[in-house]
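Student: Taking the working numbering, the leading residue of the sequence shown gets 1436, the next gets one more, and so forth.
Think of the CB as a built atom: it goes at the ideal place given N, C-alpha and C, for glycine as much as any other residue.
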Amino acid sequence: MFDSYFTPQGQGAIAASVLCTVVAMAAFIKVRDRLALIALFLGALILRMLLIQLDPFLHTWDEVVHAVVAKNMAVEPLRPMLFTEPLLASDHTHWTENHIWLHKQPFFLWCMALSIKFLGSTVLAVRLPGALMTTLLVFFTHGMARMLYGRSVAFAAAVLMTWAYWPLKMMMGAVATDHNDVFFLVLIAGSFWAWLRYQQTPTRVWVVAIGVFAGLAVLTKWLLGLLVFGGWACALLAAVVREQRVVEQVRHAVFAFGITAAISLPWQLYTWLNFPVEMAHEQAYNWQHIIMPVEGHRGAWDFHFKALGEHLYPLPLWIILGAFAFALFSIKDIRDRVFVGIVVVAVHLFFGLSATKMVNYTVVLFPLFLIALAWAVVGVVERVPRRSWRPVLVCVALVGIGSMLLQFERVQLVHTAQSARDPFHHWYRSTQLHNLGAGERLAEELSGSRPVVFNVPFPANLSLAFFQDIEASTALPTSAQVDALRERGYDVVVVDPPWEMSSVVADKVMIVQMEEHAFKWL
């Protein structure tokens, strides 16, 4: 790890993060839980700040799209746009080629837009909100585990969440739906955490917290954000069966739902009123995910169980599911047990039956499975007869499991110069870096003009828009398109035009031959 693939600064950040974890373990052994959590929180943040800067480019699916939309929302927060110039948007039904962009709900984009507004058009600005959110996830995981199982499991779960690779991979933009799913995962975890706090202390503040987290979750990835209310309803039914009084809880649930609606509904009404064509398409497209495998994302009934194995690689799936089953039935409070069981079954059942399958659809359950693994680790250690050894043995076990879950070698292989050892990752990384340089060279050549560029392959065209403020289309321009753009004051540029481009069009545009710096397809 320390022989060249990470920079000296990166190695220092890793060492600092490890040191924070060691301090946290020492504090845990000394029963100084607050210090342990603070140290873990700091270590998690340091690690994340390193990782979000490893790749200087924007990833293809879907980070580059989200980044461009967020950049445009930094200027017009209520008008989400991919291409700000409508003449370049070739298809309003395709989320990589349209003008008004409603493919995702806006909350995570607003957060990214705010970051871009202050930090500029950089990968740091794009990924910083996700880094902060995944750091917050350590706190939510600790809190949920403590309320369900106690301090030892809470600490173990927080350590594993600090070092688990999959949320970090999402935060780095290296998996499809990236920052959108990061925010959704954390907000759902926040709603679960607030619900568990409410069960312990049923006061209005936790009711409001449930409503706020759920509302922001809906405003991030639509109706699955209401998951906490499904679990709550089933927990109430379980209480009714046991002849417990639930009238006050029902009132609180309705109040929390009202807060959720107040947060999430205004945007839906606004977009239906202002962008009815685009909104109608996106809502229909959402429903298509259930009945047909959109964009080729199909899989068998066990697809999401295999995805769970990928989320927690290299742990075997039977260990993950076994730990969860035993951990679930060890939850003492029947309401908490019903809640956790229902949300896990409901999510897997819904997405198992849906025709479209994607690896992150069930990722909102990640903290619950990680907590179950932490429970299993602590449960094994608690069988050791000598009580004074147990905290130390828990820490030793966490070092081993945390090291496996982080997959440092995979981080290096995918996100550093070590990618040269793997044909696919070398091709992908070298192509991204090449296109980044090509965009800089093209921007230098076009400085002083007001260009729109054609014949730039995806995703290099969107990277050009993000980093260089030059909007670019993957297509060749038509004569009418050129005339309309020139009337609007643009300089129309075609990069490396093919021989079949119309001479009528060629006479009206600026031709740029990139030669060895030509953009490459991904």
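Which of the three DSSP states is assigned to Pro1886 in this structure?
Tutor: Of the three classes helix, strand and coil, the one that applies to Pro1886 here is strand, per DSSP.
Student: Assuming Leu1595 and Leu1750 make a contact with CB atoms under 8 Å, what is their CB distance in whole Å?
Tutor: About 10 Å; that fails the 8 Å criterion.
Student: Nearest to Trp1628 by CA position, among Glu1678, Ala1673, Leu1472, Leu1572, is which residue?
Tutor: Trp1628 has its Cα closest to that of Leu1572, out of Glu1678, Ala1673, Leu1472, Leu1572.
Student: Consult DSSP for Met1793 and reduce its assignment to one of helix, strand or coil.
Tutor: In this structure, Met1793 counts as coil in the three-state DSSP scheme.
Student: Determine the DSSP secondary structure at Ala1742, reduced to helix, strand or coil.
Tutor: Correct three-state label for Ala1742: helix.
Student: Please state the DSSP three-state secondary structure of Ile1449.
Tutor: Helix, per DSSP.
Student: Within a Cβ cutoff of 6 Å, which residues of the same chain sit near Asn1795, ignoring the five residues on either side of it in sequence?
Tutor: Answer for Asn1795: Thr1612, Asp1616, listed in chain order.
Student: To which residues of the same chain is Gln1903 closer than 8 Å at the C-beta, ignoring the five residues directly before and after it?
Tutor: So the list reads Gly1874, Glu1875, Leu1877, Ala1878, once near-sequence residues are dropped.
Student: Could you name the residues of the same chain whose beta carbon sits closer than 8 Å to that of Ala1953, not counting the 5 residues immediately before and after it, in chain order?
Tutor: Excluding residues within five positions, the ones whose Cβ falls inside 8 Å are Ala1873, Val1930, Asp1931.
Student: Quick one: is Trp1956 buried, meaning 16 or more other Cβ sit within 10 Å of its Cβ, or exposed?
Tutor: Per the 10 Å Cβ criterion, exposed.
Student: Output needed for Val1917: all residues of its chain with C-beta closer than 7 Å, excluding positions within five of it in sequence on either side, in chain order.
Tutor: If we look at Val1917 and ignore the five residues flanking it on each side, its Cβ neighbours are Val1927, Val1940, Lys1943, Val1944.
Student: Within its chain, find whatever has a CB closer than 6 Å to the CB of Phe1738; leave out the 5 residues flanking it on each side and keep chain order.
Tutor: If we look at Phe1738 and ignore the five residues flanking it on each side, its Cβ neighbours are Lys1792.
Student: Report all residues from its chain with a CB closer than 8 Å to the CB of Trp1657; omit the five preceding and five following residues, and keep chain order.
Tutor: Same-chain partners within the cutoff: Gln1540, Asn1721.
Student: DSSP state of Asp1926, grouped into three classes?
Tutor: Correct three-state label for Asp1926: strand.
Student: For Met1714, which three-state DSSP category applies?
Tutor: Met1714: helix per DSSP, three-state reduction.
Student: Tell me which same chain residues have a C-beta within less than 6 Å of the C-beta of Ile1777, skipping the five on either side of it?
Tutor: These residues qualify, in order along the chain: Gly1666, Cys1669.
Student: Assuming Ala1691 and Val1681 are in contact, meaning their beta carbons sit under 8 Å apart, how far apart are those beta carbons, in whole angstroms?
Tutor: Not confirmed; about 14 Å, so no contact.
Student: Let me know the secondary structure DSSP gives Val1831 once reduced to three states.
Tutor: Val1831 falls in the helix class under three-state DSSP.
Student: Run through the segment 1730-1778 for me and flag every whole beta strand (DSSP E) of 3 or more residues, listed as ranges in chain order.
Tutor: Correct list: empty.
Student: Can you check whether the CB of Phe1801 is closer than 9 Å to the CB of Phe1759?
Tutor: Not in contact: Phe1759 and Phe1801 (Cβ atoms no closer than 9 Å).
Student: Under the DSSP definition of a beta bridge, which residues are partnered with Ile1946?
Tutor: Paired residue(s): Val1929.
Student: Using 8 Å as the Cβ pair cut-off and three pairs as the minimum, do the segment 1543-1551 and the segment 1569-1587 touch?
Tutor: With a cut-off of 8 Å, the segment 1569-1587 and the segment 1543-1551 do not count as touching, because too few Cβ pairs lie within range.
Student: Can you grab the Cα-Cα spacing for the pair Ser1626 / Arg1821, in whole Å?
Tutor: Straight-line Cα distance between these residues: approximately 38 Å.
Student: Cα-Cα, which of Val1779, Trp1753, Tyr1748 is closest to Leu1763?
Tutor: For Leu1763, the nearest C-alpha among the options comes from Val1779.
Student: CA-CA distance, Thr1695 and Gly1744?
Tutor: So the alpha carbons of these two residues sit roughly 33 Å apart.
Student: Give me whichever residues DSSP pairs with Ala1907 in a beta bridge.
Tutor: Paired residues: Val1888.
Student: Relative to the C-alpha of Gly1445, which candidate in Phe1901, Leu1482, Gly1814 has its C-alpha closest?
Tutor: Selected option, being the one with the closest Cα: Leu1482.
Student: Closer than 8 Å is the cut-off here; do at least three beta carbon pairs connect the segment 1580-1588 with the segment 1548-1566?
Tutor: No, they do not touch.
Student: Cα-Cα, which of Leu1631, Met1605, Ala1609, Trp1630 is closest to Phe1619?
Tutor: Ranking the options by Cα distance to Phe1619, first place goes to Met1605.
Student: Kindly indicate the opening and closing residues of the alpha helix (DSSP H) around Ile1386.
Tutor: No answer is possible for residue 1386: the residues shown for the chain start at 1436 and end at 1957.
Student: Would you identify the three-state DSSP class for Met1727, choosing helix, strand or coil?
Tutor: If DSSP states are grouped into helix, strand and coil, Met1727 belongs with coil.
Student: Are the CB atoms of His1614 and Glu1532 nearer to each other than 9 Å?
Tutor: Against a cut-off of 9 Å, the Cβ pair of Glu1532 and His1614 comes out as no contact.
Student: For Glu1678, count neighbouring Cβ atoms within 10 angstroms of its own Cβ and tell me buried if that reaches 16, exposed if not.
Tutor: That one is exposed.
Student: I need the straight-line Cα distance from Glu1713 to Val1500, nearest angstrom please.
Tutor: Cα to Cα, Glu1713 sits roughly 17 Å from Val1500.
Student: Give every residue of the same chain whose Cβ lies closer than 7 Å to the Cβ of Lys1552, excluding the five residues on either side of it in the sequence, and list them in chain order.
Tutor: Excluding residues within five positions, the ones whose Cβ falls inside 7 Å are Ala1509.
Student: Could you tell me which residues DSSP puts in a beta bridge with Met1516?
Tutor: Ile1535.
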